[in-house]
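The numbering of the sequence shown is UniProt numbering, which starts it at 1 and goes up by one. Quick reminder that beta carbons are idealized off the backbone N, C-alpha and C, glycines included. Everything numeric in this text was worked out from a predicted model, so none of it was measured. Since the structure comes first, as C-alpha coordinates, the remarks are kept for the end.
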Amino acid sequence: MGDHEKERLFRTAQGIHAADGLFPCVHWRELLYHVRAMSQPNVWIIDHRDSFTWNLAELVRVTGMAVPRVVPNDSTELEQAVQAGEKLILSPGPGMVRDACHRATFRLLDRLPSFTPVLGVCLGHQILGVHSGAELEHLAQPLHGARESMRRVKSCPVLDGLPEEFPAGLYHSWRLASAPWPEELAVTARDSGGNIQAIRHKSRPLYGIQFHPESILTPDGALLLRNFLSLPEKG
(Lines of atoms letter the chains of each structure in order from A; the text may use other names.)
(Lines give C-alpha, C1' and ligand atoms only; values in the text may rest on other atoms or scores of the structure.)
Protein backbone atom coordinates (compact mmCIF):
# COMPACT_ATOMS: atom_id res chain seq x y z
CA MET A 1 0.00 0.00 0.00
CA GLY A 2 1.41 3.41 -0.99
CA ASP A 3 1.69 6.44 1.29
CA HIS A 4 -1.23 8.18 -0.44
CA GLU A 5 -3.51 5.19 0.10
CA LYS A 6 -2.45 4.90 3.74
CA GLU A 7 -3.24 8.57 4.33
CA ARG A 8 -6.66 8.20 2.71
CA LEU A 9 -7.55 5.25 4.93
CA PHE A 10 -6.27 6.98 8.07
CA ARG A 11 -8.44 10.03 7.34
CA THR A 12 -11.49 7.85 6.65
CA ALA A 13 -11.04 5.98 9.93
CA GLN A 14 -10.58 9.24 11.84
CA GLY A 15 -13.69 10.67 10.20
CA ILE A 16 -15.82 7.70 11.23
CA HIS A 17 -14.53 7.96 14.78
CA ALA A 18 -15.29 11.68 14.93
CA ALA A 19 -18.94 11.26 13.84
CA ASP A 20 -21.34 12.19 16.63
CA GLY A 21 -22.46 9.22 18.68
CA LEU A 22 -20.51 6.61 16.71
CA PHE A 23 -18.01 4.27 18.34
CA PRO A 24 -17.48 6.47 21.44
CA CYS A 25 -15.23 3.91 23.17
CA VAL A 26 -13.21 2.75 20.14
CA HIS A 27 -9.90 4.33 19.16
CA TRP A 28 -9.90 5.43 15.54
CA ARG A 29 -6.94 3.19 14.76
CA GLU A 30 -9.04 0.17 15.72
CA LEU A 31 -11.41 1.14 12.92
CA LEU A 32 -8.61 1.19 10.36
CA TYR A 33 -8.74 -2.56 9.80
CA HIS A 34 -12.48 -2.40 8.99
CA VAL A 35 -12.15 0.67 6.78
CA ARG A 36 -9.31 -0.96 4.88
CA ALA A 37 -11.42 -4.09 4.43
CA MET A 38 -14.23 -2.00 2.93
CA SER A 39 -11.78 -0.70 0.30
CA GLN A 40 -10.66 -4.19 -0.75
CA PRO A 41 -12.26 -6.51 -3.28
CA ASN A 42 -13.90 -9.77 -2.34
CA VAL A 43 -12.40 -13.13 -3.06
CA TRP A 44 -14.92 -15.95 -2.75
CA ILE A 45 -13.58 -19.15 -1.25
CA ILE A 46 -15.80 -22.02 -2.32
CA ASP A 47 -15.88 -24.37 0.63
CA HIS A 48 -16.01 -28.09 -0.09
CA ARG A 49 -16.49 -28.63 3.63
CA ASP A 50 -12.84 -29.06 4.48
CA SER A 51 -10.83 -27.68 7.39
CA PHE A 52 -8.07 -26.53 5.00
CA THR A 53 -10.56 -23.95 3.68
CA TRP A 54 -10.14 -21.80 6.77
CA ASN A 55 -6.36 -21.92 6.52
CA LEU A 56 -6.69 -20.63 2.96
CA ALA A 57 -9.00 -17.86 4.13
CA GLU A 58 -6.51 -16.81 6.79
CA LEU A 59 -3.66 -16.73 4.27
CA VAL A 60 -5.77 -14.52 1.99
CA ARG A 61 -6.53 -12.23 4.92
CA VAL A 62 -2.90 -11.79 5.94
CA THR A 63 -1.90 -10.80 2.39
CA GLY A 64 -3.98 -7.67 2.97
CA MET A 65 -5.11 -7.75 -0.67
CA ALA A 66 -8.69 -9.02 -0.45
CA VAL A 67 -11.51 -9.88 1.90
CA PRO A 68 -12.06 -13.66 1.99
CA ARG A 69 -15.73 -14.66 1.84
CA VAL A 70 -16.09 -18.35 2.67
CA VAL A 71 -19.32 -19.93 1.43
CA PRO A 72 -20.46 -23.52 0.76
CA ASN A 73 -20.23 -24.56 -2.87
CA ASP A 74 -24.03 -24.65 -3.14
CA SER A 75 -24.65 -21.23 -1.53
CA THR A 76 -27.10 -18.88 -3.26
CA GLU A 77 -24.73 -16.03 -2.32
CA LEU A 78 -22.46 -17.15 -5.14
CA GLU A 79 -24.81 -15.57 -7.66
CA GLN A 80 -23.31 -12.24 -6.59
CA ALA A 81 -19.84 -13.50 -7.47
CA VAL A 82 -21.08 -14.83 -10.81
CA GLN A 83 -22.66 -11.51 -11.76
CA ALA A 84 -19.69 -9.42 -10.61
CA GLY A 85 -16.96 -11.66 -12.00
CA GLU A 86 -15.18 -11.57 -8.64
CA LYS A 87 -12.28 -13.92 -7.98
CA LEU A 88 -13.01 -17.46 -6.80
CA ILE A 89 -10.84 -19.97 -4.96
CA LEU A 90 -12.03 -23.58 -5.11
CA SER A 91 -11.01 -25.15 -1.82
CA PRO A 92 -9.58 -28.57 -1.06
CA GLY A 93 -12.08 -31.15 0.13
CA PRO A 94 -12.79 -34.75 1.01
CA GLY A 95 -14.03 -37.47 -1.30
CA MET A 96 -13.83 -37.65 -5.07
CA VAL A 97 -14.40 -35.01 -7.70
CA ARG A 98 -17.59 -36.59 -9.03
CA ASP A 99 -19.23 -37.09 -5.62
CA ALA A 100 -22.74 -35.67 -5.49
CA CYS A 101 -21.72 -33.02 -2.96
CA HIS A 102 -19.33 -31.45 -5.48
CA ARG A 103 -21.78 -31.19 -8.42
CA ALA A 104 -22.71 -27.65 -7.43
CA THR A 105 -19.14 -26.56 -8.17
CA PHE A 106 -19.37 -27.92 -11.71
CA ARG A 107 -22.65 -26.03 -12.19
CA LEU A 108 -20.97 -22.89 -10.89
CA LEU A 109 -18.13 -23.24 -13.40
CA ASP A 110 -20.68 -23.74 -16.19
CA ARG A 111 -22.17 -20.29 -15.65
CA LEU A 112 -19.12 -18.20 -14.80
CA PRO A 113 -18.23 -15.30 -17.09
CA SER A 114 -15.18 -16.18 -19.16
CA PHE A 115 -13.16 -13.37 -17.54
CA THR A 116 -13.64 -14.60 -13.94
CA PRO A 117 -10.31 -15.55 -12.30
CA VAL A 118 -10.46 -18.94 -10.56
CA LEU A 119 -7.81 -20.74 -8.52
CA GLY A 120 -8.41 -24.40 -7.70
CA VAL A 121 -6.51 -25.96 -4.80
CA CYS A 122 -6.13 -29.76 -4.49
CA LEU A 123 -9.72 -30.99 -5.00
CA GLY A 124 -10.50 -27.62 -6.60
CA HIS A 125 -7.59 -28.13 -9.02
CA GLN A 126 -8.93 -31.57 -9.92
CA ILE A 127 -12.42 -30.16 -10.47
CA LEU A 128 -11.04 -27.57 -12.90
CA GLY A 129 -9.16 -30.30 -14.76
CA VAL A 130 -12.10 -32.69 -14.98
CA HIS A 131 -14.47 -29.86 -15.95
CA SER A 132 -12.21 -29.23 -18.95
CA GLY A 133 -12.07 -32.92 -19.91
CA ALA A 134 -9.12 -34.37 -17.98
CA GLU A 135 -9.28 -37.71 -16.18
CA LEU A 136 -8.23 -38.74 -12.68
CA GLU A 137 -6.07 -41.61 -11.51
CA HIS A 138 -5.53 -43.06 -8.04
CA LEU A 139 -2.13 -42.83 -6.40
CA ALA A 140 -0.52 -46.13 -5.47
CA GLN A 141 0.73 -44.40 -2.31
CA PRO A 142 -1.44 -41.55 -0.92
CA LEU A 143 0.42 -38.37 -0.03
CA HIS A 144 -0.80 -36.74 3.17
CA GLY A 145 1.57 -34.23 4.72
CA ALA A 146 4.33 -35.00 2.22
CA ARG A 147 6.77 -32.35 1.08
CA GLU A 148 7.86 -32.67 -2.54
CA SER A 149 9.91 -30.58 -4.94
CA MET A 150 7.88 -28.84 -7.66
CA ARG A 151 9.37 -27.81 -11.00
CA ARG A 152 7.93 -25.04 -13.16
CA VAL A 153 7.62 -26.26 -16.75
CA LYS A 154 5.62 -23.46 -18.40
CA SER A 155 4.94 -19.81 -17.67
CA CYS A 156 1.98 -19.05 -15.43
CA PRO A 157 0.97 -15.78 -13.71
CA VAL A 158 0.24 -17.38 -10.34
CA LEU A 159 3.72 -18.94 -10.26
CA ASP A 160 5.57 -15.72 -11.13
CA GLY A 161 8.44 -15.02 -8.77
CA LEU A 162 8.62 -18.58 -7.46
CA PRO A 163 11.92 -20.41 -7.99
CA GLU A 164 12.16 -22.76 -10.94
CA GLU A 165 12.11 -25.52 -8.32
CA PHE A 166 10.29 -25.02 -5.03
CA PRO A 167 9.02 -27.22 -2.17
CA ALA A 168 5.30 -27.71 -1.53
CA GLY A 169 3.00 -29.69 0.74
CA LEU A 170 0.80 -32.45 -0.67
CA TYR A 171 -2.37 -33.95 0.81
CA HIS A 172 -4.11 -36.12 -1.77
CA SER A 173 -4.73 -39.65 -3.00
CA TRP A 174 -5.94 -38.81 -6.54
CA ARG A 175 -4.28 -36.78 -9.30
CA LEU A 176 -4.95 -35.56 -12.81
CA ALA A 177 -3.90 -38.16 -15.37
CA SER A 178 -1.53 -37.14 -18.18
CA ALA A 179 -3.72 -38.79 -20.81
CA PRO A 180 -6.14 -38.12 -22.26
CA TRP A 181 -5.32 -34.44 -21.89
CA PRO A 182 -7.61 -31.56 -22.95
CA GLU A 183 -6.15 -29.20 -25.53
CA GLU A 184 -7.44 -26.14 -23.67
CA LEU A 185 -5.24 -26.79 -20.61
CA ALA A 186 -1.48 -26.36 -20.15
CA VAL A 187 0.58 -28.10 -17.48
CA THR A 188 2.66 -25.46 -15.65
CA ALA A 189 4.38 -27.48 -12.89
CA ARG A 190 5.27 -31.09 -12.18
CA ASP A 191 6.80 -32.86 -9.20
CA SER A 192 10.06 -34.80 -9.24
CA GLY A 193 8.17 -37.88 -10.45
CA GLY A 194 6.69 -36.03 -13.43
CA ASN A 195 3.17 -35.87 -11.97
CA ILE A 196 0.98 -32.88 -12.82
CA GLN A 197 1.04 -30.33 -10.01
CA ALA A 198 -0.21 -27.12 -11.62
CA ILE A 199 -2.30 -26.19 -14.65
CA ARG A 200 -3.71 -23.16 -16.42
CA HIS A 201 -6.37 -22.65 -19.05
CA LYS A 202 -4.96 -21.36 -22.32
CA SER A 203 -7.60 -18.70 -22.96
CA ARG A 204 -9.26 -18.03 -19.59
CA PRO A 205 -7.88 -16.99 -16.15
CA LEU A 206 -8.36 -20.47 -14.65
CA TYR A 207 -5.51 -21.94 -12.58
CA GLY A 208 -5.13 -25.14 -10.61
CA ILE A 209 -2.55 -26.33 -8.11
CA GLN A 210 -2.51 -29.83 -6.63
CA PHE A 211 -0.32 -28.73 -3.73
CA HIS A 212 -1.49 -26.62 -0.77
CA PRO A 213 -0.30 -22.98 -0.64
CA GLU A 214 -1.67 -22.59 2.90
CA SER A 215 0.48 -25.45 4.23
CA ILE A 216 3.58 -24.76 6.32
CA LEU A 217 5.25 -27.17 3.90
CA THR A 218 4.80 -24.60 1.09
CA PRO A 219 6.97 -21.60 2.03
CA ASP A 220 6.08 -19.70 -1.17
CA GLY A 221 2.33 -20.16 -0.72
CA ALA A 222 1.66 -16.53 0.23
CA LEU A 223 3.47 -15.27 -2.89
CA LEU A 224 1.37 -17.58 -5.06
CA LEU A 225 -1.84 -16.25 -3.51
CA ARG A 226 -0.69 -12.65 -3.92
CA ASN A 227 -0.06 -13.37 -7.60
CA PHE A 228 -3.59 -14.68 -7.99
CA LEU A 229 -5.15 -11.81 -6.05
CA SER A 230 -3.25 -9.34 -8.27
CA LEU A 231 -4.92 -10.61 -11.45
CA PRO A 232 -7.42 -8.25 -13.11
CA GLU A 233 -11.05 -9.27 -12.67
CA LYS A 234 -12.31 -8.25 -16.09
CA GLY A 235 -10.74 -8.71 -19.48
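Which residues mark the beginning and the end of the beta strand (DSSP E) in which N42 is found? N42 to D47
Less than 8 Å separating the beta-carbons of V43 and E86? yes
In the DSSP assignment, find the unbroken alpha helix (DSSP H) run with E58 in it and report its ends. F52 to T63
Just list the residues that DSSP pairs V121 with in beta bridges. I209
Cutting at 6 Å between CB atoms, please list the residues of its own chain near P219, excluding the five before and the five after it. none
Where DSSP assigns a beta bridge to F166, which residues make up the other side? M150
Under 7 Å: does the beta carbon of T188 sit that close to some heavy atom of the ligand FMN? The model depicted lacks the ligand FMN and carries no ligand whatsoever.
If distances are taken between C-alpha atoms only, which option among N55, T76, G124 and L59 comes closest to L88? G124
Please report how far the alpha carbon of R98 lies from the alpha carbon of A104, in whole angstroms. 10 Å
Run through the stretch 70-146 for me and flag every whole alpha helix (DSSP H) of 4 or more residues, listed as ranges in chain order. 78-84, 103-111 and 123-131
Specify the secondary structure class of P157 as computed by DSSP and reduced to three states. helix
In or out: P163 buried (at least 16 other Cβ within 10 Å) or exposed? exposed
On the DSSP letters alone, give me the boundaries of the alpha helix (DSSP H) that A222 sits inside. G221 to L229
Can you grab the Cα-Cα spacing for the pair W181 / E77, in whole Å? 33 Å
Report all residues from its chain with a CB closer than 6 Å to the CB of H102; omit the five preceding and five following residues, and keep chain order. none
With distance defined between alpha-carbon atoms, name the residue in D47, P92 and T188 nearest to P157. T188
Do you know offhand how far I209's Cα is from A84's? 24 Å
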